[in-house]
Amino acid sequence: MMDYSIRDQVAVIKLDNPPVNVLGSAALTSIYDGIGKADRDPSIKAVVICGKNGIFCAGVDIKELDNGLHAPWIKHIGDFIDNMKKPVVAAIEGFALGGGLELALFCHYRIALKTVRVSLPELQLGLMPGAGGTIRLPRAAGLNNAFDIITTGNRIPAEKAAMMGIIDQIVTGDIIEEGIKFVKSKCNIDTSLVCLRMKTVKYSGDLDDISEAFMTKVKSKFKGAIAPIVSILEFVIIILDLYYVHLQSLSKNSPTYTRAKGTCK
Ligand SMILES: CCCCCCCC/C=C\C=C\CC(=O)SCCNC(=O)CCNC(=O)[C@H](O)C(C)(C)COP(=O)(O)OP(=O)(O)OC[C@H]1O[C@@H](n2cnc3c(N)ncnc32)[C@H](O)[C@@H]1OP(=O)(O)O
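Numbering (our numbering), first residue to last: -8 to 256.
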């Protein structure tokens, strides 16, 4: 499900779940184990997460969702990376879709080939981007872009994603080599400063007005299947607005708590 190798003090975690590297229980467990191993190894300075078969990740295994995914749930990987001091980069080729994009957003940085497409198609599947997409995407791309991406499920080309702030750098050549080079240049950074969960959501205007405008748009788009979709979106807005709920796990006196609290309106 995952290849773990070490290159020049960088751990390379390569998803290997053919054909499209979906995240089922076994794949999630192996990523979680790989990240933990890299974090514990004092000789490792940084981590690259990438995918085999020319694709980063097509998201959560839809077939497995029917039976219920087992621990560790994808969000646990995000919580772990959020607290890592070693920088982690997602080196993306092909697609990062749904949980695949959410996995990339857990990382401190994202680099991608120009041909990459990213999306959060969950709403079209009657799901929500429940693995942190609603929290991290607005912090990377701004509230308007995030809502467009979440509500349309459109696949965003790499260059547009870079302009929005989702991708940090477009690269050419071998994505793993580029990932290693990129992340080695970040070994001395304070990862808490680039952790998306700690960033401020960018938007202008009043959140209630913005939410109402979004809801109007969504109600007209999803007519018919309105009840589940509307309740999901209301939930999304609540997540954005009441993000401080996530801070309960942090010490109230820590600088991290203070900074994170500042990201909530
Ligand atoms: C109120 C609070 C509630 C909170 C609840 C929160 C719950 C959150 C739960 C879940 C969140 C899920 C997030 C997700 O990730 S959902 C999945 C999102 N991903 C997708 O929709 C991608 C779908 N796939 C594609 O678009 C294409 O397959 C693509 C990746 C572009 C590749 O295309 P192509 O090269 O043409 O290959 P195929 O389409 O033929 O696919 C090859 C085989 O792979 C299977 N496949 C693809 N994606 C998935 C997937 N996500 N899960 C399982 N299987 C997948 C596909 O069926 C083919 O299989 P087969 O060869 O057997 O037919």
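Cβ atoms here follow ideal geometry from the backbone N, Cα and C, with glycine treated the same way.
Asked: Three-way DSSP call (helix, strand, coil) for Pro148 in this model; Found: strand
Asked: Contact the region -6 to 6 vs the region 165 to 180: 3+ CB pairs below 8 angstroms; Found: yes
Asked: Sequence-distant residues of its chain with Cβ nearer than 7 angstroms to Leu233 (five each side left out); Found: A caution first: Leu233 carries a pLDDT of 48, below 50, which makes its placement in the model unreliable, though a value can still be read off. Excluding residues within five positions, none has a Cβ falling inside 7 angstroms.
Asked: Closest by C-alpha distance to Gly121, when choosing among Leu134, Leu92 and Ala149; Found: Leu92
Asked: Beta-carbon proximity of Ile141 to Leu116, cut-off 8 angstroms; Found: no
Asked: Segment contact, 8 angstroms Cβ cut-off, at least three pairs: the region 143 to 159 with the region 5 to 19; Found: no
Asked: Tyr23 - DSSP class collapsed to helix/strand/coil; Found: helix
Asked: Beta-ladder partner(s) of Tyr194, from DSSP; Found: Paired residue(s): none; Tyr194 is not in a bridge.
Asked: Residues of its chain near Leu187, where Cβ-Cβ distance is below 7 angstroms and the 5 sequence neighbours each way are ignored; Found: Leu96, Arg127, Arg130 and Ala131
Asked: Cβ-heavy atom distance, Val209 to ligand 1, below 7 angstroms; Found: no
Asked: Distance between Pro9 and Leu241 (C-alpha atoms, nearest Å); Found: Model confidence at Leu241 stands at a pLDDT of 47, short of 50, so the residue's coordinates are unreliable and nothing is read from them.
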